[in-house]
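Quick notes on the structure that follows.
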Amino acid sequence: MVSVSGKDRLATAKCVIIKVGSSLLVDPQNGQLRLQWMAALAEDITDLRARGCQVVLVSSGAVAVGRNQMQLNASQLQLEDAQALAAIGQVRLAGAWASSFAPLGIELGQVLLTLDDTENRRRWLNSNSTLRTLLQMDVLPLINENDSVASDEIRYGDNDRLAARTAQMVGADLLVLLSDVDGLYSGDPSSDPDAVHMPLVERISPEIEAMAGVAVSATGSGGMTTKLMAARIAGTAGCGTIIANGTQSAPLRALINETGKCSLFLPDIKPAQARKNWIAGTVQPRGRLEIDTGAGQALAKGASLLAAGLTSVSGTFERGEVVSICQMGGGEIARGIASYNAEELQKIQGLRSEKIPEILGYEARKAVVHRDNLVRTDRGEHG
Ligand code: GLU
């Protein structure tokens, strides 16, 4: 039975992105960081990690914290002021998170992303590999947009969509957007007594989009509209989204104990399937790898493609690009993401894995195309 409540999803997710909005982090009365609230969320996240779930934290608040530090009260900030305030606030913000997690024995690794880092393929690969490595090291990635260098035209401006792209990047199965709203209502609950809360959204239909046109948070940049856009982005990558009210202390525990309100948006597909669809749907693979019969048989049994089975390599491609895998002199049987670039593969084709470091001068990756990154195209596996 598929779990269809926010609680069940949070209790069973394997990789979760938690996005915290500015309105939760900064006390509206005095503009100070809510350190106790942060410490309680750190404990919530520690609980998730303790059951083997990977967590990435996306935190807003740099501009709000910098603004308070510099006592800048102007209601509309000039872009350059906002960029400077983000630079100032980010230091404090990251420091406060580091102090919240230190007593729990959790190390943080800060990654400040720009739109280019998620939209440009090469930069996407770099960010992706940094995030994966941090997770492998059991370090908690702390992410924000690099507001200090992002110009108005080339920026997210809201961390909801940045968090959704991050979820796609690391193959997360759940995105949790914590802010000061309970999730989606059928109308504006502050003015419409008939507005009902929607605990589950199976599909983001035009009616659902119309509902999101209301209820905008005062402190953050993202209203319900950007949250819905985020849910849609995450959904296409097989990642569910929870929009939850995080104002109370330990909001994740509240969701697990069913004392907190949220809306769960179901994804259309599973993350692994989303990845395979993306690979299979590549319009133009960048290279062609020919393989011998033994490798073909191994692939048919679901194994990864190793250098030993490669008989020829053509095309110009970088590590991380999609290549077509063909029988010697024959048609395509599979597609996959190459773990090496074309030049490297030409040097190591036909070699056993233990020989590769000698030839390349560095430690070999396990496979030329890992089976998680491989999809058979000769038998409609991706359909
Ligand atoms: N990146 C912004 C900040 O840290 C916040 C963006 C948002 O509110 O979503 O100040």
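The opening position of the sequence shown corresponds to residue 123 in this note's numbering, with each subsequent residue numbered one higher. Beta carbons: idealized from backbone N, C-alpha and C, even for Gly. Here the structure is a predicted model, which is why all the values come from computation and not from measurement.
Query: Straight-line gap, L226 to L179 (C-alpha atoms, nearest Å); Result: 15 Å
Query: K477 versus A216 - alpha carbon distance; Result: 44 Å
Query: L201, buried or exposed, once every other Cβ within 10 Å from all chains shown has been counted against 16; Result: exposed
Query: Backbone secondary structure at N195 - three-state DSSP; Result: coil
Query: For Q232, three-class secondary structure by DSSP; Result: strand
Query: Rounded C-alpha distance that separates G483 from Y462; Result: 14 Å
Query: When G360, W400 and I378 are compared against I391, the one with the closest alpha-carbon; Result: G360
Query: For K141, three-class secondary structure by DSSP; Result: strand
Query: Contact the segment 142–162 vs the segment 309–326: 3+ CB pairs below 8 Å; Result: no
Query: Distance cut-off 6 Å: T242 Cβ against heavy atoms of the ligand GLU; Result: The sequence shown places Asn at residue 242, rather than the Thr named in the question. No, the Cβ of N242 stays beyond 6 Å of every heavy atom of the ligand GLU.
Query: For V180, the first and last residue of its enclosing beta strand (DSSP E); Result: Q176 to S181
Query: Any non-hydrogen atom of the ligand GLU within 6 Å of E267 CB; Result: yes
Query: Cutoff 7 Å; reference A164; Cβ partners in own chain excluding five residues on either side; Result: S222, F223 and L226
Query: N- and C-terminal bounds of the alpha helix (DSSP H) containing Q158; Result: L157 to A172
Query: Distance cut-off 6 Å: D203 Cβ against heavy atoms of the ligand GLU; Result: no
Query: Enclosing beta strand (DSSP E) for G458 [first to last residue]; Result: E454 to I459
Query: I365, buried or exposed, once every other Cβ within 10 Å from all chains shown has been counted against 16; Result: buried
Query: Option nearest K469 by Cα separation, candidates D414, S436, A272 and A425; Result: S436
Query: Rounded C-alpha distance that separates L388 from Q471; Result: 43 Å
Query: Check: A280 C-beta below 6 Å from any heavy atom of the ligand GLU; Result: One point to set straight first is that residue 280 is Asp, not Ala, in the sequence displayed. Yes, the Cβ of D280 comes within 6 Å of a heavy atom of the ligand GLU.
Query: Where L496 falls: helix, strand or coil (DSSP); Result: strand
Query: Range covered by the alpha helix (DSSP H) that runs through F387; Result: Counting along the chain, F387 falls outside any alpha helix (DSSP H), though it belongs to the beta strand (DSSP E) covering C384 to F387.
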